[in-house]
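Numbering (our numbering), first residue to last: 11 to 610.
Here a beta-carbon is modelled for each residue, glycine too, at the ideal position from N, C-alpha and C.
Only a predicted model underlies this, so the values are computations on that prediction, with no experimental measurement involved.
Written out below as structure tokens is the structure these notes cover.
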């Protein structure tokens with residue numbers, strides 16, 4: 011892998027550099043009421059520094075902590091950059107978090123200011139405020155419904171206006187602050203998902219962000235002409251990489267859609283050149299394609315099945331090695347079927363698409379490569395500031411996460427634990443020296459993931475603490491079993507049970523949209539999620555899908571019995587994290603009766 015040249019500047023210094031060198035070039039776009047609003051690098055930098063100076067006028071000191079609770083929008087990155095410009099530390103909070111989780115992060119992070127998106131997020135903060143002694147000010151991006159509160163938050167635009175006045179009174183202050191930044195200063199505090207306990211605040215420095223840039227830019231082949239869609243939570247390191255690290259260092263444009271619900275429509279309009287999706291996004295796109303195909307006539311279904319069948323052998327084969335026959339078959343399939351599918355999901359212009367943040371079924375990955383989407387799997391953590399290993403578009407080994415990106419060294423340690431080192435490895439956990447000491451040892455980041463090398467590529471086996479040992483003494487990876495089963499478009503979640511058991515069982519959640527469409531075609535009557543899952547024919551459908559998955563697994567790992575969940579797993583019920591990772595211990599506890607019935 012090559013190492014692209016990255017200026018020796020912090021992220022905020024790089025923003026200033028673009029504003030000076032390319033003031034009118036497109037930096038950001040946001041869709042408001044169906045219309046895309048454009049912001050140049052000059053606009054971006056001006057609003058960011060004014061917001062930061064507005065906070066400084068309110069009393070924010072160097073190293074002060076400012077939290078942001080919002081879905082992705084222009085104001086999120088303006089606030090983040092503004093906080094960084096004046097030497098503050100940005101703390102992201104998941105907008106889907108209930109107020110108790112919001113209270114924990116704000117209290118633990120010692121946040122003095124909080125920037126809320128709207129009334130919903132402000133109400134969470136107000137609920138939590140009595141237990142937040144260090145919180146001084148709240149700010150709202152959207153003041154709708156808030157102006158008549160007894161103590162309303164400050165409006166985002168008012169903070170910017172205050173910053174403009176402060177700049178007039180203190181000319182040259184911003185340049186002085188930026189010139190004084192150091193790479194080892196903390197830039198962000200990113201909280202882990204907390205799938206096994208309380209979230210931990212990972213301290214990420216400007217140097218970590220700078221060190222993560224070359225490998226990411228080389229992987230994406232990103233340049234100033236590229237474009238991306240920002241939609242995953244910006245409090246997650248993955249979206250920080252795609253919204254801030256790569257775009258700001260190369261100067262490419264970032265677009266913000268109206269909401270997570272409009273992602274597919276936004277993708278079709280933006281047609282990004284690079285795109286990151288967590289496995290659940292790819293599973294939803296996969297399901298949406300199958301739903302659309304089910305709505306077509308028999309001829310189109312047959313054409314789709316033919317295209318998938320003839321193109322599957324080329325899915326992981328480098329294009330330079332395609333025979334003339336394979337090129338002709340793909341060209342015909344593209345003209346008849348695949349081009350329309352790529353347009354339908356909005357990724358026709360995509361030169362590289364990535365999946366990460368959680369394991370993905372090899373069946374899903376292979377499907378998208380079959381239809382011509384250059385999807386690769388990457389691996390990284392909050393603590394590694396994003397991507398640490400990645401497959402290459404023309405060198406994909408299914409079931410692996412590729413090789414280390416530029417600037418990162420990866421090897422296997424004791425118990426085959428994946429360990430890594432490099433400039434992108436984080437500074438440590440905030441107020442948690444014990445966890446820091448157990449994670450960072452002699453300069454190596456201990457990931458807690460078990461891996462193995464396969465043909466020079468890294469394969470993730472599972473979390474070290476999740477490996478199951480059956481009653482017969484066999485070691486099993488629940489994630490591998492679950493991903494095999496979740497390759498079905500009818501299955502959304504699969505939680506495997508097998509620790510100290512004679513055989514493997516599972517709790518399964520159906521994909522409601524896909525199963526509902528199937529049920530309509532089968533003329534089955536149902537009213538709710540629960541009534542659908544309780545249908546005997548739905549159980550038979552899922553059993554057939556489990557059987558298909560079992561055929562790909564060794565006998566000891568095959569699912570012998572399963573229980574269909576009668577409700578979707580919910581963050582508010584503490585069953586999944588804000589990033590939709592299953593909290594196994596909570597699920598096992600909540601559904602203990604159902605689990606025991608599987609072994610009765």
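N-terminal and C-terminal residue of the beta strand (DSSP E) that residue 50 is part of:
45-50
Which residue from 585, 282 and 576 puts its Cα closest to that of residue 3?
Residue 3 lies beyond the residue range present for the chain, which begins at 11 and ends at 610; the question has no answer from this structure.
Please confirm if the region 149-166 is in contact with the region 124-137, defined as three or more CB-CB distances below 8 Å between the two stretches.
yes
What does the alpha-carbon distance come out to for the pair residue 303 and residue 335?
27 Å
Give a yes or no on whether the C-beta atoms belonging to residue 317 and residue 343 are separated by under 9 Å.
yes
Three-state secondary structure (DSSP) at residue 361?
coil
Specify the secondary structure class of residue 258 as computed by DSSP and reduced to three states.
helix
Unbroken stretches of the alpha helix (DSSP H), 4 residues or longer, contained in the region 461-516
488-495
Could you tell me whether the region 197-216 touches the region 437-444, using the rule of 3 or more Cβ pairs below 8 Å?
yes
Measuring alpha carbon to alpha carbon, tell me which of 92, 78 and 73 ends up nearest residue 25.
92
Alpha-carbon to alpha-carbon, residue 494 and residue 553
14 Å
Measuring alpha carbon to alpha carbon, tell me which of 120, 576 and 201 ends up nearest residue 502.
576
Check whether the region 30-43 touches the region 264-271, taking contact to mean three or more Cβ pairs, one atom from each stretch, closer than 8 Å.
yes
Output the boundary residues of the beta strand (DSSP E) element that contains residue 431.
427-432
Please state if the CB of residue 222 and the CB of residue 64 are separated by a distance shorter than 9 Å.
no
Residue 570 and residue 522 closer than 9 Å at C-beta
no
Threshold first: 3 residues or longer. Then list the beta strand (DSSP E) segments lying entirely within the region 170-215, N to C.
196-201 and 211-215
Going by the CB atoms, is the gap between residue 436 and residue 393 shorter than 9 Å?
yes
Close beta carbons around residue 403, own chain, < 7 Å, minus the five adjacent residues each side
362, 384 and 386
Measuring alpha carbon to alpha carbon, tell me which residue in 125, 480, 535 and 528 is nearest residue 511.
480
Is the region 106-117 touching the region 132-145, taking contact as three or more C-beta pairs under 8 Å?
yes
Let me confirm a value: residue 424 is counted as buried when at least 16 other C-beta atoms fall within 10 Å, else exposed. Which label applies?
exposed
Hey, how far is the Cα of residue 507 from the Cα of residue 488?
8 Å
Looking at the strands, I want to know which residues DSSP matches up with residue 240.
266
Stretch-stretch touch, CB-based, cutoff 8 Å, three pairs: the region 228-239 with the region 443-463:
no
Cβ neighbour criterion (16 or more within 10 Å) applied to residue 609
exposed
Roughly how many whole angstroms lie between the Cα atoms of residue 261 and residue 14?
14 Å
Cα-Cα, which of 99, 104, 109 and 564 is closest to residue 120?
99
Which two residues bound the contiguous alpha helix (DSSP H) that contains residue 87?
84-95
Residue 300 vs residue 276 beta-carbon contact at 9 Å
no
From which residue to which residue does the alpha helix (DSSP H) around residue 554 run?
546-560
One or two residues paired with residue 148 in a DSSP bridge
124
Opening and closing residue of the alpha helix (DSSP H) in which residue 300 lies
289-304
Which residues mark the beginning and the end of the alpha helix (DSSP H) in which residue 522 is found?
522-531
Specify the secondary structure class of residue 443 as computed by DSSP and reduced to three states.
helix
I need the DSSP call for residue 113, collapsed to helix, strand or coil.
helix
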